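4 protein chains.
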Amino acid sequence: MEAFERWESEVRSYSRAFPTVFASASGARQVDEQGRSFLDFFAGAGVLNFGHNDPRMKRAMIEFLEADGVAHSLDMATTTKRDFLEKFAATVLEPRGMDVRMQFTGPTGTNAVEAALKLARKVTGRPDVVAFTHGFHGMTLGSLALTGNDYFRAAAGVPLDHVLRVPFETAPGGGTAALDQLRALLADPSSGMAPPAAFVVEVIQAEGGVNVASAGWLRAVRDLARDVGALFVVDEIQVGCGRTGSYFSFDGMGLDPDVVCLAKGIGGYGTPLAMNLVRPELDAHWSPGEHTGTFRGQGLSFVAGRVALTYFDDDELMSRVRARGERMAAALTDLAADVGAGYEVRGRGMIQGLDVGDGALAKAVAAACFEAGLLVGPCGTGGRVLKLVPPLTIDDDDLAEGLDVLAAAVRRTA
Amino acid sequence: MEAFERWESEVRSYSRAFPTVFASASGARQVDEQGRSFLDFFAGAGVLNFGHNDPRMKRAMIEFLEADGVAHSLDMATTTKRDFLEKFAATVLEPRGMDVRMQFTGPTGTNAVEAALKLARKVTGRPDVVAFTHGFHGMTLGSLALTGNDYFRAAAGVPLDHVLRVPFETAPGGGTAALDQLRALLADPSSGMAPPAAFVVEVIQAEGGVNVASAGWLRAVRDLARDVGALFVVDEIQVGCGRTGSYFSFDGMGLDPDVVCLAKGIGGYGTPLAMNLVRPELDAHWSPGEHTGTFRGQGLSFVAGRVALTYFDDDELMSRVRARGERMAAALTDLAADVGAGYEVRGRGMIQGLDVGDGALAKAVAAACFEAGLLVGPCGTGGRVLKLVPPLTIDDDDLAEGLDVLAAAVRRTA
Amino acid sequence: MEAFERWESEVRSYSRAFPTVFASASGARQVDEQGRSFLDFFAGAGVLNFGHNDPRMKRAMIEFLEADGVAHSLDMATTTKRDFLEKFAATVLEPRGMDVRMQFTGPTGTNAVEAALKLARKVTGRPDVVAFTHGFHGMTLGSLALTGNDYFRAAAGVPLDHVLRVPFETAPGGGTAALDQLRALLADPSSGMAPPAAFVVEVIQAEGGVNVASAGWLRAVRDLARDVGALFVVDEIQVGCGRTGSYFSFDGMGLDPDVVCLAKGIGGYGTPLAMNLVRPELDAHWSPGEHTGTFRGQGLSFVAGRVALTYFDDDELMSRVRARGERMAAALTDLAADVGAGYEVRGRGMIQGLDVGDGALAKAVAAACFEAGLLVGPCGTGGRVLKLVPPLTIDDDDLAEGLDVLAAAVRRTA
Amino acid sequence: MEAFERWESEVRSYSRAFPTVFASASGARQVDEQGRSFLDFFAGAGVLNFGHNDPRMKRAMIEFLEADGVAHSLDMATTTKRDFLEKFAATVLEPRGMDVRMQFTGPTGTNAVEAALKLARKVTGRPDVVAFTHGFHGMTLGSLALTGNDYFRAAAGVPLDHVLRVPFETAPGGGTAALDQLRALLADPSSGMAPPAAFVVEVIQAEGGVNVASAGWLRAVRDLARDVGALFVVDEIQVGCGRTGSYFSFDGMGLDPDVVCLAKGIGGYGTPLAMNLVRPELDAHWSPGEHTGTFRGQGLSFVAGRVALTYFDDDELMSRVRARGERMAAALTDLAADVGAGYEVRGRGMIQGLDVGDGALAKAVAAACFEAGLLVGPCGTGGRVLKLVPPLTIDDDDLAEGLDVLAAAVRRTA
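From first to last, the protein sequence lines are chains A, B, C and D. Residue numbers for the first sequence follow the UniProt record's numbering, so the first one is 1 and each next one is one higher. Residue numbers for the second sequence follow the UniProt record's numbering, so the first one is 1 and each next one is one higher. Residue numbers for the third sequence follow the UniProt record's numbering, so the first one is 1 and each next one is one higher. Residue numbers for the fourth sequence follow the UniProt record's numbering, so the first one is 1 and each next one is one higher.
1. Strictly below 7 angstroms CB to CB, what residues from chain D border residue 191 of chain B?
2. Alpha helix (DSSP H) containing residue 111 of chain D: first to last residue?
3. Excluding the five sequence neighbours on either side, which residues of its own chain have a C-beta within less than 6 angstroms of the C-beta of residue 73 of chain C, listed in chain order?
4. Is the Cβ of residue 381 of chain C closer than 8 angstroms to any Cβ of chain A?
5. By how many angstroms is the C-alpha of residue 322 of chain C removed from the C-alpha of residue 345 of chain A?
6. How would you label residue 411 of chain D, buried or exposed, when you count the other beta carbons within 10 angstroms and need 16 or more for buried?
7. Residue 185 of chain A versus chain C: which residues are under 9 angstroms apart at the beta carbon?
8. State the Cα-Cα distance for the pair residue 14 of chain C and residue 377 of chain C, rounded to the nearest angstrom.
9. Output yes if chain A places a C-beta closer than 8 angstroms to the C-beta of residue 208 of chain C; else output no.
10. Where does residue 69 of chain A land, buried or exposed, given buried means 16+ other C-beta within 10 angstroms?
11. Could you tell me the alpha carbon to alpha carbon distance between residue 206 of chain B and residue 383 of chain A, rounded to whole angstroms?
12. Just reading off the beta strand (DSSP E) that residue 26 of chain A is part of, what are its end residues?
13. Our contact map puts residue 349 of chain C next to residue 325 of chain C with C-beta atoms below 8 angstroms; I'd like the distance itself, whole angstroms only.
14. Output the boundary residues of the alpha helix (DSSP H) element that contains residue 181 of chain D.
15. What are the uninterrupted segments assigned as beta strand (DSSP E) that are 3 or more residues long and contained completely in the segment 303–384 of chain B, given in chain order?
16. When the Cα atoms are used, what is the spatial distance from residue 356 of chain B to residue 209 of chain B?
17. Give the interface partners of residue 346 of chain B over in chain D, defined as CB-CB distance under 7 angstroms, in chain order.
18. Quick check on the DSSP output: what are the complete alpha helix (DSSP H) runs of length 4 or more inside the segment 72–110 of chain D, in order along the chain?
19. Between the alpha carbons of residue 191 of chain B and residue 136 of chain D, how many angstroms are there, rounded?
20. Rounded to a whole number of angstroms, what is the C-alpha to C-alpha distance between residue 271 of chain C and residue 292 of chain A?
21. Per DSSP, what are the beta-bridge partners of residue 283 of chain C in this structure?
22. Which term fits residue 254 of chain A, buried or exposed, when burial requires 16 or more other beta carbons within 10 angstroms of its beta carbon?
23. Which value, in whole angstroms, describes the spacing of the CA atoms of residue 269 of chain D and residue 413 of chain C?
24. Could you tell me whether the segment 113–129 of chain B touches the segment 114–126 of chain A, using the rule of 3 or more Cβ pairs below 8 angstroms?
25. Starting from the C-beta of residue 108 of chain D, find all residues in its chain whose C-beta is less than 7 angstroms away, skip the five residues before and the five after it, and write them out in chain order.
26. How would you write the range of the beta strand (DSSP E) that residue 199 of chain D sits in, first residue to last?
27. From this set, B:16, B:33, B:29, which residue's C-alpha is nearest residue 23 of chain B's C-alpha?
28. Residue 259 of chain D to residue 236 of chain D, Cα distance in whole Å?
29. Report yes if the CB atom of residue 283 of chain C is closer than 8 angstroms to the CB atom of residue 101 of chain C, and no otherwise.
30. Can you tell which of B:186, B:57, B:243 has its C-alpha closest to the C-alpha of residue 388 of chain B?
31. Please classify residue 75 of chain C: is it buried, with 16 or more other beta-carbons within 10 angstroms of its beta-carbon, or exposed?
32. Under 8 angstroms by Cβ, that's how I've got residue 120 of chain C and residue 194 of chain C pegged, so tell me the actual separation to the nearest angstrom.
33. So which of B:26, B:337, B:328 has the shortest CA-CA distance to residue 52 of chain B?
34. Have a look at the DSSP bridge pairing and note the partners of residue 241 of chain A.
35. So is residue 1 of chain C buried or exposed if we call it buried at 16+ other beta carbons inside 10 Å?
36. Using a Cβ cut-off of 8 angstroms (strictly closer), state whether residue 161 of chain B contacts chain D.
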């Protein structure tokens, strides 16, 4: 580890929580240079939905490299990108009857969100955007203004303006009452609030503590957005791409978002990619090149991402995700019941959170897990929620083992 | 191309300028699906310093994939990352006696700039940042505020605050006189200007029109920054990594920046990576995780980037870059002299710009080049400058051919 | 009126609502140049609490002028100002045990509010201020940001930042529930809301529509402010100085504000004066001259204001105000009951509002009143509330006559 | 003085510089309660152009009070206001062929400036305003953003945005070169600067240190404003109303401003009044009541202000101002020459400044003057300039005596 202490910035964090040097990875496991194998229930903060080094993706990427595919293309047209576009349309869009355009932004989630904000402000001519408490949308100045966590916000060094803040459904004072109040305020010409450009919401706040919104509340957000002439933007960056048991976390809710922000899992192999799905009549407001970025055209990400989409050719993986999600929830619920009051389990599909009520405790549990060979990370206010986001493709034994390790660590630490 | 028209956002731009579908690429050439070969003098907007699909990098990446290296690691420690850190230190930092820390941000240039802004504001407690006219620093809200181009700025939809704007050396009213004026204003307690957190400058403004700053002026910027207690930040994203004939474009100038922002070429193969070099006493102001990002730990980028650094093990490539840069400059100068008044040649090493004085003309020349099999893109105000950034590794015949194609296109179009 | 049309700005408003030229005024009456007498239930928007040209004030002002008193003194010490300070302390502060400092700002309400904002931000080091829907605090940029009305706000031409907006007690979604929600948000480190510098509130929102807050809610605002380390600022500009039946509208509520903003009635005769009452430990944060203004020392205002304070030497005027306020409320309540559903009466003491539900109707009623010799003005959202603020010193016949005229106008127009 | 120490805010300043209690005032003299007479070369910071308690104004005000004139009228039409409008038109506007509308704002300079900013932003749809170093335009948030002095600015507690700062003609780096640079920046679409709504300038920066702009430079400012579609706003608050030897300080310069801001001297007797003169085609952008204020209609100010205008019925006063201004300048120049290097005399008409190079020295001189019976105040950066603004109506003996006292104080202190 000395090389990291000598050369890397003090800003590093995961290498402090997981103090070893990883050498290889496969499926749901990472192996360090001492040969110790760790079960990975963190999966790159929700990136590695299909595990480490998925063999089919790997093979496709090697073939792409050997064939001298276009690795970097900005937003030029390439055969690889066309394959991705067509596969995404055929697998995700057309079955859902979604008529949208795909906008590739810089390959990070924050870049997708920044592009969505620009478009919303451009379309409406309005500066303000509604964001929700406990939301996480990124670390650059536009998306950071939407992010709730004050630790991240304090690093901005400038005021984070142009955001109207509303409690998320599950936060104190949240629910539809808070939306009704916002509706009343926006309808009131003496409220001092101007109508917003957009509502930006996560279906499940992953970084925010695995807070799960209901379909009804999300529809109420959507309705309010539509009624006040604002765009309805769903940030699917962490919980899209199959994490909840369907491709989108909002499938079946009838939400019909104006913009869907995708990143993390979309590139398949941990290879960077980000993409907004935008309704064509809104997308038409873009002029060419108004939002650009160097790494919009990543050949390896298109290749791996296209293979990843084959996991959605049938319902096999998704039905397993739903089943395993239930197993995870059941195990956590039993554990919570067992260790006593003050623990709460939240989640859907294969994102499950165990709220242990206190950041220091969660940190101690995570450390105990690491010692016992399980990678798990905290999220939520003060880091009080242990977030379980194993690869969707994890096998049943690994899943059971990881849940056991966690339970033991909680029991030992609590 | 129909798939792109059908599915991709209207914001796409290069696929309009280069209306064909590329299927493969090698060295300085891209080949479209009709088998037509194009010389690439654009090189991914300065990303592909070592050409498309460099064989040594390709081999290393395939080996890495086959060995199940850790492809995605956030900021965990991996053997691959350590190799990169150590190689960068040995090749770049130690020979220069640079005592800095490496901060990996999200893998895009804009993310590196946003992190630098946060740190500068945090260290100084000041909100404002000095940026220069014609500068380009990214498309997210913090870096966009520093960017000069009004087409990009207008897309923000909110005021772009907290920036003090100063003419770049080569802009009208620029030079040290403008710095002297700023110094006077900052010294004057009735100027209405508070001292800034940072000066953020490019040694060569690439997107801004290949505007080359002198060492003297850059030192004057640095001195002014130091004298007013501000950080001196050099944005090397487009012209670092060997483009100008040395690893940093500021090598030999005695600048000693507080923060150096790197991206684009650092990942070697077009694979995304971004990194800030930060003086340790400034880096110590970071708390763990204050600036994070999902794609900070890209195994493929570390592998390719490490191989790329071997190009700097000796001076062979750099001396060739300097020689070829002179050849390019000479060819462009001859051309400019030949076609008449109003043309100007600017550049250093293998970034050379031909300012044709008018965006429509530059566009027509670029279109003629495309027709003749050469990829070249415009930059600068209104797109009036043809920017030549071929791979540093281009062979002499390709370079000569490309320059000939360009010259013919200019003569035909002018 | 031609002179006004020829020479005065299009921004003029009351001269359009009351289209005649006034030549003199006395007590509760203004007389136009045709000799027509109007009962004044508007009283300079709440300035003329003691009527037009109060004889005792007039005499004192003439004596002051004849004695060559210091008419204009910035913030120099004058005998006239000292007399005012001592009279205010003896009459208002000492009986209430209020330990405060008097800060004379520029002589307008907005200036007092701007000074209060500066002090709150300076004391706390925080930029944001909580303001309430339907609040009115002034027209300069700092106080306008707090004002709710979108007609006024839209004229700013720049974003009105650094304000957290909360529903006033009587607004939809208001009450203590909204305060509880704000408390929860401010306690939540992931809410995206930083603690504010101040809560700025009116006890009765006069311009906002005669919205009357309860003592309990105001105490809850105060408690919340204290609990989050913010200043509790009461804007008494329109309803202080005896309007509600006691000197302060918050007398007897146990509020103990950190800053009280006074203007309008404090100068007695319509002569400009504004003053903040500031707790000494907060006032100590001011450095000399940090907030200045040319017209802080108005001799005529000090003279008239000092005489006005003699109205508070005993309870006679205040008990009459309370009694007349009840008479006004009763008359309006009868009227509202009589004309049918949709009318609402609100107020306390001698500020009473009749909400007729619609701005066009209120305007028509006011016009009918003017025709019948009564000056009354609308307030509230869209101007839907007729606001009755006659001089506190009005005699019973005039009050009865005015109420009759109003009732007739309402009946005729409704 | 104890009453002031006990009751008045710590923010008070002039009562510290002039530590006595003034009881009466007449012409160019103030008398304290011990009967000591002070020559007043400060004149209410330029308010009392016609001296303290001008007998004709006093008589007119007493008559107005005795006749029960309308003392407070918001923006209703009154006979007194009409008299003022017509007198101002006849005396000031018509002889100059100025076709403008008069907008009465709240009666302070800062309110006039805030109204001008709103109108400029409304007319142009642009947020930014050009202001000059060392400018002073007021203390409320909008006008404070334009003010240069960092002591005043630091009290804002929020960022002061939407201002482009340019050196004043006489500041380091000023002159037409700075305007040329701004012109180039505004013409450059990659400058990062958007065209402004207005240029706001003082002909003589009074608070800023008696910095005198030339007609040529002011015309260049005006031309630049016109060329970029911005309003040209002249802040005449301190040096208008005859101070420089003509009614406007810009008379004869051919400036033709879009908006002229007037306050201070316009009310004649130290009675508050502020007024913008606005070109009709711009004024037409106002909607009724978009900028309001309680004290827009001050009867006493209209009466005194109308009498004050009679001083401009012929050239007698103005020619005396010009002659006395020359005498003042000559006396100061002799003094400066006498006491040695580092002193500078600046001014025009009866505003003259002696720059002694250092705030502590200026303060000591002012204190010595006070001891010797002369009121004079410092201005400029750090308070290094003694500003002489005696009443325009001062008699020759008082003027000579004051200049002698000052000279003695300087000689003794220097």
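Quick reminder that beta carbons are idealized off the backbone N, C-alpha and C, glycines included. Quick caveat: nothing in here was measured; it's all calculated off a predicted structure.
Per the coordinate set shown:
1. What you label residue 191 of chain B is simply residue 191 of the second sequence in a count that begins at 1. Within chain D, the residues near residue 191 of chain B are 133, 148, 165.
2. On the fourth sequence, position 111 is the one that residue 111 of chain D refers to. It spans 109–124 - the alpha helix (DSSP H) in which residue 111 of chain D sits, taken as one unbroken run.
3. By one-based count along the third sequence, residue 73 of chain C stands at place 73. Counting only Cβ-Cβ distances below 6 angstroms, and skipping sequence neighbours, we find 297.
4. In the third sequence, residue 381 of chain C corresponds to position 381, counting from 1. Yes, residue 381 of chain C lies at the interface with chain A (some Cβ there is under 8 angstroms from its Cβ).
5. Indexing the first sequence from 1 puts residue 345 of chain A at position 345. Indexing the third sequence from 1 puts residue 322 of chain C at position 322. Roughly 59 angstroms between the two C-alpha positions.
6. Taking the first residue of the fourth sequence as position 1, residue 411 of chain D is located at position 411. By the neighbour-count rule (16 or more Cβ atoms within 10 Å), residue 411 of chain D is not buried but exposed.
7. One-based indexing of the first sequence puts residue 185 of chain A at position 185. The contacting residues are 133, 165, 167, 171, 172, 173.
8. On the third sequence, position 14 is the one that residue 14 of chain C refers to. On the third sequence, position 377 is the one that residue 377 of chain C refers to. About 9 angstroms.
9. The residue you call residue 208 of chain C lines up with position 208 of the third sequence. Judged by the 8 angstroms Cβ criterion, residue 208 of chain C is in contact with chain A.
10. Here residue 69 of chain A is taken as the residue at index 69 of the first sequence, counted from 1. Flag for residue 69 of chain A reads buried.
11. The residue given as residue 206 of chain B occupies position 206 in the second sequence. The residue given as residue 383 of chain A occupies position 383 in the first sequence. About 42 angstroms.
12. Reading the first sequence from its first residue, position 26 is the one you call residue 26 of chain A. Unbroken beta strand (DSSP E) run through residue 26 of chain A: 21–26.
13. The sequence position of residue 349 of chain C within the third sequence is 349, counting from 1. The sequence position of residue 325 of chain C within the third sequence is 325, counting from 1. Between residue 325 of chain C and residue 349 of chain C the Cβ distance is about 4 angstroms, and since that is below 8 angstroms, they are a contact.
14. Taking the first residue of the fourth sequence as position 1, residue 181 of chain D is located at position 181. From DSSP, the alpha helix (DSSP H) with residue 181 of chain D extends over 176–187.
15. 344–348, 351–355, 377–379
16. Numbered from its first residue, the second sequence carries residue 356 of chain B at position 356. Numbered from its first residue, the second sequence carries residue 209 of chain B at position 209. Rounded to the nearest angstrom, the two C-alpha atoms are 11 angstroms apart.
17. Along the second sequence, one-based indexing puts residue 346 of chain B at 346. Within 7 angstroms Cβ-Cβ: nothing; residue 346 of chain B doesn't reach chain D, min ~15 angstroms.
18. 79–88
19. On the second sequence, residue 191 of chain B is found 191 positions in, with the first residue counted as 1. On the fourth sequence, residue 136 of chain D is found 136 positions in, with the first residue counted as 1. Taking the straight line from one Cα to the other gives about 11 angstroms.
20. Numbered from its first residue, the third sequence carries residue 271 of chain C at position 271. Numbered from its first residue, the first sequence carries residue 292 of chain A at position 292. Between residue 271 of chain C and residue 292 of chain A, the C-alpha separation is close to 60 angstroms.
21. As a working note, residue 283 of chain C is residue 283 in the third sequence. For residue 283 of chain C, which the question treats as bridged, DSSP gives no partner whatsoever.
22. Counted from its first residue, the first sequence places residue 254 of chain A at position 254. That one is exposed.
23. Start at 1 with the first residue of the fourth sequence, and residue 269 of chain D comes out as number 269. Start at 1 with the first residue of the third sequence, and residue 413 of chain C comes out as number 413. In a straight line, the C-alpha of residue 269 of chain D is about 46 angstroms away from that of residue 413 of chain C.
24. no
25. As a first step, residue 108 of chain D is located in the fourth sequence; it is residue number 108 there, counting from the start. Same-chain partners within the cutoff: 263, 272, 274.
26. Taking the first residue of the fourth sequence as position 1, residue 199 of chain D is located at position 199. Its beta strand (DSSP E) spans residues 198–201.
27. Locating residue 23 of chain B in the second sequence gives position 23, counting from the first residue. When only C-alpha atoms are compared, the closest one is B:33.
28. Numbered from its first residue, the fourth sequence carries residue 259 of chain D at position 259. Numbered from its first residue, the fourth sequence carries residue 236 of chain D at position 236. So the two alpha carbons sit approximately 10 angstroms from each other.
29. Your numbering for residue 283 of chain C matches position 283 in the third sequence. Your numbering for residue 101 of chain C matches position 101 in the third sequence. In contact: residue 283 of chain C and residue 101 of chain C (Cβ atoms closer than 8 angstroms).
30. Translated into the one-based positions of the second sequence, residue 388 of chain B becomes position 388. Comparing Cα-Cα distances from residue 388 of chain B to each of B:186, B:57, B:243, the minimum goes to B:243.
31. If you number the third sequence from 1, residue 75 of chain C lands on position 75. Its Cβ being crowded by 16 or more others within 10 Å, residue 75 of chain C is buried.
32. Start at 1 with the first residue of the third sequence, and residue 120 of chain C comes out as number 120. Start at 1 with the first residue of the third sequence, and residue 194 of chain C comes out as number 194. That pair is no contact at about 14 angstroms.
33. Locating residue 52 of chain B in the second sequence gives position 52, counting from the first residue. Of B:26, B:337, B:328, the residue nearest in Cα terms is B:26.
34. For this step, residue 241 of chain A is matched to residue 241 along the first sequence. Residue 241 of chain A pairs with nothing; no bridge assigned.
35. As a working mapping, residue 1 of chain C is identified with position 1 in the third sequence. Burial call: exposed.
36. On the second sequence, residue 161 of chain B is found 161 positions in, with the first residue counted as 1. Answer yes: the Cβ-Cβ gap between residue 161 of chain B and chain D drops below 8 angstroms somewhere.
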